[in-house]
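Residue numbers (this note's numbering), protein chains in the order written: chain A, 1 to 111; chain B, 112 to 225.
Glycine is no exception: its CB is placed at the ideal position from the N, C-alpha and C atoms.
All of these numbers come straight from a predicted model, not from anything done at the bench.
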């Protein structure tokens, strides 16, 4: 079955710097890769997703890149702000299969 | 648009007791998921419903966990009897149809088993 590894487990950056979180997946048939943000004590919320027919997707300060050959995808946050502080989860799935989540990255943005 | 509703928000029980959680998905969403999120980990799927049918329950500990979605709308997840290791947040999510449609999560139920 699918396995998703996520790195780093914690990430501290200064406000205004960029943050990059990386995930690798095992099943080459996976074709859907969402990223969720979870603030302390709150529900996971989708921030961006990418499907296997594109290599990059951008939404304001957030971008995701996908390398199907290497089976990894990354989340890029530019111009980080304190409100970006949260735990970020990547996930992967095939069209008819369950979402498999990574172990999470705790991002801290210091003012 | 109303979100996914869950109740209760918090529950404390002793081991070997029973507990039930309720979820009301977003109106019109055919697919409903129950996830278990242990502290410091990502959500793990327990069971997935498509309307009132089970699509995937491969990771549901069926000796103690059960779930139903009788009318294809609301769902309940039950644990009987609870063990210490069941302490976690139980998240319900729903999506329009497919796994690859955006999944919207409810606020979760934080279960503590003493």
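{"Asked": "Could you compute how far the alpha carbon of residue 179 of chain B sits from the alpha carbon of residue 186 of chain B?", "Found": "6 angstroms"}
{"Asked": "Candidates A/107, A/103, A/65, A/73: which alpha carbon is nearest residue 83 of chain A's?", "Found": "A/107"}
{"Asked": "Who are the Cβ neighbours of residue 176 of chain B in its own chain at under 6 angstroms, not counting the five residues just before and after it?", "Found": "190"}
{"Asked": "Which class does residue 83 of chain A belong to by DSSP, given the choice of helix, strand or coil?", "Found": "helix"}
{"Asked": "Between the Cα of residue 133 of chain B and the Cα atoms of B/193, B/122, B/141, which residue gives the shortest distance?", "Found": "B/122"}
{"Asked": "Mind checking if residue 164 of chain B is an interface residue toward chain A, Cβ cutoff 8 angstroms exclusive?", "Found": "no"}
{"Asked": "Any idea which residues DSSP pairs residue 135 of chain B with across the strands?", "Found": "B/116"}
{"Asked": "Report the neighbours of residue 73 of chain A on chain B: residues whose CB is nearer than 8 angstroms to its CB, in chain order.", "Found": "Under the 8 angstroms cutoff, chain B gives no residues; its nearest Cβ is about 15 angstroms from residue 73 of chain A."}
{"Asked": "Determine the chain A residues that contact residue 136 of chain B at a beta-carbon separation under 7 angstroms, and present them in chain order.", "Found": "What residue 136 of chain B touches in chain A: nothing, since even the nearest Cβ is about 13 angstroms away."}
{"Asked": "So, is the C-beta of residue 156 of chain B closer than 8 angstroms to a C-beta in chain A?", "Found": "yes"}
{"Asked": "Take residue 27 of chain A and list the residues in its own chain whose beta-carbon comes closer than 6 angstroms to its own, dropping the five residues that flank it on each side.", "Found": "2"}
{"Asked": "Quick one: list the residues of chain B neighbouring residue 89 of chain A, beta-carbon separation under 8 angstroms, in chain order.", "Found": "153, 154"}
{"Asked": "Closer than 6 angstroms by C-beta to residue 52 of chain B: which residues in its own chain qualify, once you throw out the five before and the five after it? Chain order, please.", "Found": "In the structure as shown, chain B starts at 112 and stops at 225, and residue 52 of chain B therefore has no counterpart that could be examined."}
{"Asked": "From the DSSP output, which residues share a beta bridge with residue 130 of chain B?", "Found": "B/190"}
{"Asked": "How would you call residue 29 of chain A, buried or exposed, if buried means at least 16 neighbouring beta carbons within 10 angstroms?", "Found": "exposed"}
{"Asked": "Within this structure, are the beta carbons of residue 78 of chain A and residue 18 of chain A separated by less than 8 angstroms?", "Found": "yes"}
{"Asked": "Would residue 40 of chain A pass as an interface residue toward chain B - the criterion being a Cβ-Cβ separation below 8 angstroms?", "Found": "no"}
{"Asked": "Quick one: does residue 168 of chain B have its CB under 8 angstroms from some CB of chain A?", "Found": "no"}
{"Asked": "Can you tell me whether residue 150 of chain B is buried or exposed? The criterion is at least 16 other CB atoms within 10 Å of its CB, across all chains shown.", "Found": "exposed"}
{"Asked": "Could you check which residue in A/94, A/92, A/68, A/7 has the C-alpha nearest to that of residue 55 of chain A?", "Found": "A/68"}
{"Asked": "DSSP three-state call for residue 174 of chain B: helix, strand or coil?", "Found": "coil"}
{"Asked": "Using DSSP with H/G/I as helix, E/B as strand and the rest coil, what is residue 49 of chain A?", "Found": "strand"}
{"Asked": "For the stretch 2-64 of chain A, list the beta strand (DSSP E) runs that are entirely contained and at least 3 residues long, ordered along the chain.", "Found": "4-7, 10-14, 19-25, 32-38, 45-51, 56-59"}
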